[in-house]
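A short write-up of the structure that comes next.
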Amino acid sequence: MRLHHSIMVGILDRYADRFTEFQPAVPLEQRIKQAAALEGAAGVELVYPADLQDRDQTAQLVADTGLAVSAVNLNVKSEQVWRDGSFTNPDVDVRRRAVESLQSAMDMAASLGTDLVTVCPLMDGWDYSFQVDYNAQWRWLIEGLREACAHRDDVRVSVEYKPFESRAHIVVPDVATTLHLCDRVGADNLGVTMDVGHALIAGETPAMSAVMAHDAGRLFYVHFNDNNRGWDWDMVPGSVNLWEMVETLFYLDRIGWEGWMAYDVFTKHGDPVAAFDATLRSMDSLVALLDQVGRDRMEHLIKNVSPAEATAELLATLVTH
Numbered sequence: 001m002r003l004h005h006s007i008m009v010g011i012l013d014r015y016a017d018r019f020t021e022f023q024p025a026v027p028l029e030q031r032i033k034q035a036a037a038l039e040g041a042a043g044v045e046l047v048y049p050a051d052l053q054d055r056d057q058t059a060q061l062v063a064d065t066g067l068a069v070s071a072v073n074l075n076v077k078s079e080q081v082w083r084d085g086s087f088t089n090p091d092v093d094v095r096r097r098a099v100e101s102l103q104s105a106m107d108m109a110a111s112l113g114t115d116l117v118t119v120c121p122l123m124d125g126w127d128y129s130f131q132v133d134y135n136a137q138w139r140w141l142i143e144g145l146r147e148a149c150a151h152r153d154d155v156r157v158s159v160e161y162k163p164f165e166s167r168a169h170i171v172v173p174d175v176a177t178t179l180h181l182c183d184r185v186g187a188d189n190l191g192v193t194m195d196v197g198h199a200l201i202a203g204e205t206p207a208m209s210a211v212m213a214h215d216a217g218r219l220f221y222v223h224f225n226d227n228n229r230g231w232d233w234d235m236v237p238g239s240v241n242l243w244e245m246v247e248t249l250f251y252l253d254r255i256g257w258e259g260w261m262a263y264d265v266f267t268k269h270g271d272p273v274a275a276f277d278a279t280l281r282s283m284d285s286l287v288a289l290l291d292q293v294g295r296d297r298m299e300h301l302i303k304n305v306s307p308a309e310a311t312a313e314l315l316a317t318l319v320t321h
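Residue numbers (full-length UniProt numbering): 1 to 321.
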């Protein structure tokens, strides 16, 4: 299995929570150069509009490194205008701006040589009972995405689901809801970004989530990271849920996934570039572990061996090597 590594350059920028700033702001040019210096990196994921204020300059910066653009990540959460939602904002003018932003991101993606825009609508949801009109909110989301997807059929729109943060409840909290949304929109170019960490905090089995999205023809993009299932900590893959990571890679390989693997990994302590390097090395090691166990053996464990025996055999693989 060959991994197509993509670096989310926004993660090399300033990082802070509501208490502490952990990493300072870094100019875009420096971040792109840092991404290009990482061994194994083949692409970058750019945030729109932040990383594309000057589209031509950014395109040249990326071209100079020889990297590809894996996706344009539409940010409809950070600006004040999105405070009450983007595609589901009660204000029709704000909803219009969200749709136009997605259409602009699609145009931007095409001009940068990628056919993919990923969007995580973290401000579209609610915190309290009776805070929003669920009927209206769901209808607005469908209508907005339908209009945006019709803008052009040569660029795919990939919805990244997440159960919570920044809202206590997000309108697309899990893979099933997101797939249902795709069906309701009815556009062939609408699909799913399966963030492994988001799947974990949603109580999902990431491998199953990937299989479901693929079966529907909607698995467009994959983000890898890890957490303790309590919060989206964006840790190095395999640092907590080792076998879930290997299982996800096994099933991605089994379904013939050849798309990008982008890494949503933040570091509070140490150098973010070094953390990304560790992430790429960890992913390669996870694939090596999968190779070590063997695909045929994995198939045998799934079909013919009890869960207890399978666990013992997998652990023995680590001990004997």
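A virtual CB, placed ideally from N, CA and C, is assigned to each residue, including glycine.
Nearest-angstrom Cβ-Cβ length linking residue i and residue j, presumed shorter than 8 Å
i: V157; j: V117; result: 5 Å
i: R95; j: W140; result: 6 Å
i: L74; j: V119; result: 4 Å
i: L3; j: M283; result: 6 Å
i: A105; j: R146; result: 16 Å between Cβ atoms; not a contact.
Beta-carbon proximity check, residue i vs residue j, cutoff 8 Å
i: L286; j: P206; result: no
i: A210; j: M235; result: no
i: L61; j: L52; result: no
i: A63; j: A42; result: no
i: V44; j: V72; result: no
i: P272; j: L12; result: yes
i: F220; j: I7; result: no
i: L301; j: A312; result: no
i: E204; j: D174; result: yes
Closest residue to residue i among the options (Cα-Cα distance)
i: M108; options: V92, D124, L145, R152; result: R152
i: D54; options: A187, E39, L28, R14; result: L28
i: V132; options: N73, T88, D115, C149; result: T88
i: G85; options: D188, F276, R167; result: R167
i: residue 323; options: V99, L290, A136, D115; result: Because the chain is modelled from 1 through 321, residue 323 falls outside the range shown and cannot be assessed.
i: I255; options: V293, A213, Q292; result: A213
i: T248; options: E147, F130, G197; result: G197
i: V246; options: S78, A199, L290; result: L290
i: R281; options: R14, L242, E39; result: E39
i: T178; options: A150, A278, W138; result: W138
Enclosing beta strand (DSSP E) for residue i [first to last residue]
i: N73; result: 68-74
i: V273; result: Counting along the chain, V273 falls outside any beta strand (DSSP E), though it belongs to the alpha helix (DSSP H) covering 272-293.
i: L46; result: 41-48
Run of the alpha helix (DSSP H) containing residue i, from where it starts to where it stops
i: E160; result: Element bounds for E160: not the alpha helix (DSSP H) but the beta strand (DSSP E), 156-160.
i: T248; result: 242-254
i: G144; result: 134-149
i: M212; result: 206-215
Proximal residues to residue i (C-beta, below 8 Å), its chain only, five neighbours per side dropped
i: I201; result: K162, P163, F164, N227, R229, G230, W231, D232
i: C182; result: V159, L190, G191, V192, A216, R218
Contacts around residue i, its chain only, beta-carbon distance under 7 Å, and the 5 residues preceding and following it disregarded
i: R184; result: I142
i: Y251; result: A207, A210, V211
i: I32; result: V9, V44, L61, V62, T65
Chain-order list of residues whose beta-carbon lies under 6 Å from that of residue i (same chain, five-residue window excluded)
i: F224; result: V196, P237, M261, Y263
i: A110; result: V155
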